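**Student:** In my numbering, the protein residues as written are 19 to 137.
1. Does the stretch 46 to 59 come into contact with the stretch 69 to 79, if we say contact requires no fewer than three beta-carbon pairs (one atom in each stretch) closer than 8 Å?
2. Considering only the beta carbon of each residue, do residue 23 and residue 31 sit closer than 9 Å?
3. Applying the 10 Å Cβ sphere with the 16-neighbour rule, what's the burial state of residue 80?
4. Which class does residue 96 belong to by DSSP, given the choice of helix, strand or coil?
5. Using 9 Å as the threshold, is the C-beta distance between residue 43 and residue 63 below it?
6. I'd like to know whether the C-beta of residue 100 is nearer than 9 Å to at least one C-beta of chain C.
7. By Cβ distance below 6 Å, which residues in the same chain neighbour residue 60 in space, the five residues on each side in sequence not counted?
8. Which runs of the beta strand (DSSP E), 3 residues or longer, sit entirely within the stretch 47 to 117?
9. Going by DSSP, what residue range makes up the alpha helix (DSSP H) through residue 27?
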């Protein structure tokens, strides 16, 4: 996603440049998959050397079609600029006709009220 006019004005694209390619620079440290009680679980832990950060993503896929994704970022000891965006991209097939999204965070809770982009 390109920077907005306000982002360019406050030079966010320069200040936060070290975060730009984090997704391409991750090293997988741990990968585990399991299937128990009709739940498939996939857990991946990745490290980013430049920022000293670790990202843990856990997917749980239930037999009823529910997909629970938990994503956590722990930054390292380095003094880092703010993170412009933290999230994920996901592709689903066209045969899915309904999707419900639930976000839970420390500062706010959004229950499917955010807009999503469908391409």
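Here a beta-carbon is modelled for each residue, glycine too, at the ideal position from N, C-alpha and C.
Remember, it's a predicted structure, so these values are computed and weren't measured experimentally.
**Tutor:** Walking through what the data contain:
1. yes
2. no
3. exposed
4. coil
5. no
6. Absent here is chain C; the protein component of the structure consists of one chain.
7. 51 and 77
8. 57 to 66, 71 to 80 and 85 to 92
9. 23 to 27
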